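Below: the structure, in structure tokens.
Protein chains in written order, with the working numbering: chain A, 1 to 361; chain B, 1001 to 1100.
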């Protein structure tokens, strides 16, 4: 199967079709809406399922192999965030706040994207390393913390240089800036570590680890077999919200639109390659790539609105949800799968040259 | 029936600014307030669609005039520039003035 075919068959999965359906429903101004309680419940459910799954698998595979991929993921996430910032600030001419907010949105991970990835792999009959759920949890606050730290440093530096032109005694201002950074950072750290996403994810990993495969038996129906169905329902909601924002995409501009497509592709492919080099399985490499490719659109606004209030939220929400998310689940996921299968099995099934040569002969 | 004059401060803002306002209130030792989630339209566009944290909140605070000035000053200084927020003050009468 070549990449195009894979994209095509991925397009006709219920997840993608219901997402597109949600967009259409919003465009024709239907009053279709997933009840609020359900759309709040579903992310919790999805994270619980991901965590349980990860925990159960970690019981069989152990923790030892987890450390290196986790550290590499954190390193790459930080590096990408800095890279995004440079691109947005220098090439995109965004102001410092929007640049940092967008850079961290794209450096952070998306739990919904992760769920879709898991179900995509399930569809392909491929498994992935369970500890990636733990990587998801650890990676969640990393990019935000870096961006908030750098924003506050930049702001306090600006204030101190401004004050310096009036008076030479500017030490106290830097101290004030540093202090504010500390307060904001500790608040963000505390809020994200005790935030519902990380708490439910880590909690279910621990529970999954304790109960193991036998303990999972009785709840398997809810947390395994209903998983893809639950994503489908959530996709209607995501589609509706994305559809309502379609008009905003025009305001996002060509630069950010291409950024929202090119950066995830770049980050994702690097992720797949690095994961393969670290010896992750085929499915694991795809999920590792997806972690780095995904942008956060549920956690990002909650964190950034308070930490970097000067940034325009409609920029980062619209680009992450309206552009990157559909691109990731429709196009990039099959591409990364193809790249990963090629890297894992160069002689294997996906060989574009073979096809074209055969046609020629 | 004797009504005592106090002030009602009403703030409608995006829900993510609600905590900031409550923090300001507690800083000024105001412990009583009422909040509810609302939808609406304004200069920052239709609010209340989509994600929960894109909703608006409405906060009502009854307080004495002495504290009003400081609270309004701090809210406007820290939040007006970056958040969707509307604030207004009205005169109301209460029966038990010692509660405020």
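All residues carry an ideal CB built from backbone N, CA and C; glycine is no exception. Computed from a predicted structure; not experimentally measured.
Separation of residue j from residue i, as counted between CA atoms
| i | j | result |
| --- | --- | --- |
| residue 119 (chain A) | residue 227 (chain A) | 8 Å |
| residue 237 (chain A) | residue 323 (chain A) | 16 Å |
| residue 1026 (chain B) | residue 301 (chain A) | 25 Å |
| residue 2 (chain A) | residue 330 (chain A) | 15 Å |
| residue 76 (chain A) | residue 68 (chain A) | 12 Å |
| residue 101 (chain A) | residue 78 (chain A) | 14 Å |
| residue 1087 (chain B) | residue 1099 (chain B) | 23 Å |
| residue 268 (chain A) | residue 284 (chain A) | 13 Å |
| residue 1071 (chain B) | residue 1057 (chain B) | 18 Å |
| residue 1038 (chain B) | residue 1011 (chain B) | 12 Å |
| residue 312 (chain A) | residue 1004 (chain B) | 43 Å |
| residue 1078 (chain B) | residue 207 (chain A) | 43 Å |
| residue 244 (chain A) | residue 62 (chain A) | 44 Å |
| residue 1020 (chain B) | residue 1041 (chain B) | 22 Å |
| residue 25 (chain A) | residue 35 (chain A) | 15 Å |
| residue 105 (chain A) | residue 320 (chain A) | 7 Å |
| residue 1009 (chain B) | residue 1029 (chain B) | 15 Å |
| residue 1066 (chain B) | residue 1002 (chain B) | 21 Å |
| residue 280 (chain A) | residue 210 (chain A) | 24 Å |
| residue 1018 (chain B) | residue 306 (chain A) | 10 Å |
| residue 352 (chain A) | residue 5 (chain A) | Caution is warranted here: a pLDDT of 46 is assigned to residue 352 (chain A), below 50, making its placement in the model unreliable, and no coordinate value can be reported. |
| residue 1049 (chain B) | residue 71 (chain A) | 38 Å |
| residue 22 (chain A) | residue 239 (chain A) | 4 Å |
| residue 325 (chain A) | residue 27 (chain A) | 18 Å |
| residue 139 (chain A) | residue 188 (chain A) | 14 Å |
| residue 64 (chain A) | residue 112 (chain A) | 27 Å |
CB contact flag (residue i, residue j, <8 Å)
| i | j | result |
| --- | --- | --- |
| residue 46 (chain A) | residue 230 (chain A) | yes |
| residue 7 (chain A) | residue 334 (chain A) | yes |
| residue 134 (chain A) | residue 205 (chain A) | yes |
| residue 1007 (chain B) | residue 1089 (chain B) | yes |
| residue 40 (chain A) | residue 1052 (chain B) | yes |
| residue 257 (chain A) | residue 332 (chain A) | no |
| residue 145 (chain A) | residue 308 (chain A) | no |
| residue 43 (chain A) | residue 298 (chain A) | yes |
| residue 202 (chain A) | residue 242 (chain A) | no |
| residue 1061 (chain B) | residue 1036 (chain B) | no |
| residue 117 (chain A) | residue 58 (chain A) | no |
| residue 50 (chain A) | residue 94 (chain A) | no |
| residue 295 (chain A) | residue 55 (chain A) | no |
| residue 272 (chain A) | residue 339 (chain A) | yes |
| residue 327 (chain A) | residue 261 (chain A) | yes |
| residue 121 (chain A) | residue 286 (chain A) | yes |
| residue 151 (chain A) | residue 97 (chain A) | yes |
| residue 1081 (chain B) | residue 1014 (chain B) | no |
| residue 263 (chain A) | residue 19 (chain A) | no |
| residue 142 (chain A) | residue 198 (chain A) | no |
| residue 88 (chain A) | residue 99 (chain A) | yes |
| residue 1074 (chain B) | residue 1024 (chain B) | yes |
Reduced DSSP secondary structure (H/G/I, E/B, other) of residue i
| i | result |
| --- | --- |
| residue 1040 (chain B) | strand |
| residue 328 (chain A) | helix |
| residue 251 (chain A) | helix |
| residue 1093 (chain B) | strand |
| residue 155 (chain A) | helix |
| residue 334 (chain A) | helix |
| residue 141 (chain A) | helix |
| residue 68 (chain A) | helix |
| residue 1087 (chain B) | strand |
| residue 93 (chain A) | coil |
| residue 109 (chain A) | coil |
| residue 1002 (chain B) | coil |
| residue 1007 (chain B) | strand |
| residue 147 (chain A) | helix |
| residue 10 (chain A) | helix |
| residue 267 (chain A) | helix |
Chain-ordered chain A contacts of residue i [CB-CB under 9 Å]
| i | result |
| --- | --- |
| residue 1018 (chain B) | Simply none; closest approach about 11 Å. |
| residue 1053 (chain B) | 298, 301, 302, 305 |
Contact list for residue i against chain B, beta-carbon separation under 7 Å
| i | result |
| --- | --- |
| residue 25 (chain A) | Within chain B, no residue comes near residue 25 (chain A); the closest Cβ sits about 13 Å away, beyond 7 Å. |
| residue 310 (chain A) | 1082 |
| residue 140 (chain A) | Near residue 140 (chain A) there are no residues of chain B at all, since even the closest Cβ is about 16 Å away, more than 7 Å. |
Chain A contact residues for residue i, given Cβ-Cβ distances below 7 Å
| i | result |
| --- | --- |
| residue 1048 (chain B) | Correct list: empty, because the minimum Cβ distance to chain A is about 11 Å. |
Beta carbon proximity, residue i to chain E, threshold 8 Å
| i | result |
| --- | --- |
| residue 158 (chain A) | In the displayed structure, chain E is absent; the protein chains listed are A and B. |
Chain-ordered chain B contacts of residue i [CB-CB under 8 Å]
| i | result |
| --- | --- |
| residue 183 (chain A) | What residue 183 (chain A) touches in chain B: nothing, since even the nearest Cβ is about 12 Å away. |
| residue 241 (chain A) | 1049, 1050, 1051 |
| residue 40 (chain A) | 1052 |
| residue 244 (chain A) | 1049, 1050 |
Contact list for residue i against chain B, beta-carbon separation under 9 Å
| i | result |
| --- | --- |
| residue 36 (chain A) | 1052 |
So within the stretch 1009 to 1079 of chain B, which uninterrupted beta strand (DSSP E) runs reach at least 3 residues, ignoring any that extend past its ends? 1034 to 1038, 1056 to 1063
Can you list, in chain order, the stretches of the alpha helix (DSSP H) that have 4 or more residues and sit fully within the stretch 182 to 251 of chain A? 196 to 216, 227 to 244
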